[in-house]
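In the working numbering, the protein residues as written are 43 to 122. Ideal Cβ placement from N, Cα and C applies to all residues, glycine included. Owing to the predicted nature of the structure, the values given are computational and were not obtained by experimental measurement.
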Amino acid sequence: MTNTVDAVLLACAPGKAAADHVFTRPNGFPVREFRDAWTKRLADAIGALGIDITDLFLRLRRQTPKSARQQKSDQERSAR
Numbered sequence: 043m044t045n046t047v048d049a050v051l052l053a054c055a056p057g058k059a060a061a062d063h064v065f066t067r068p069n070g071f072p073v074r075e076f077r078d079a080w081t082k083r084l085a086d087a088i089g090a091l092g093i094d095i096t097d098l099f100l101r102l103r104r105q106t107p108k109s110a111r112q113q114k115s116d117q118e119r120s121a122r
């Protein structure tokens, strides 16, 4: 774990001991699995916005290389 991640986790868990779980429910029980709930909430939010999830992933797939090329171009310009 990097120092940055360690610092963020410490900030998210005030008052917890080193052996305590970071994510707990209001009753104190640890959150062991949240991927299914996360996926469902994400799909609900995307659907509420009227976005087709396939279209969203295609857009993200195209945008990432475009952003990387733009960032490289900006760095080259600033190096001059």
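- Secondary-structure assignment with DSSP links PRO72 through a beta bridge to THR66.
- Excluding residues up to 5 positions away in sequence, ILE88 lie with their Cβ nearer than 6 Å to the Cβ of ILE95 in the same chain.
- For ALA87, the enclosing alpha helix (DSSP H) starts and ends at 77-90.
- Excluding the 5 residues flanking it on each side, TRP80 has no same chain C-beta neighbour closer than 6 Å.
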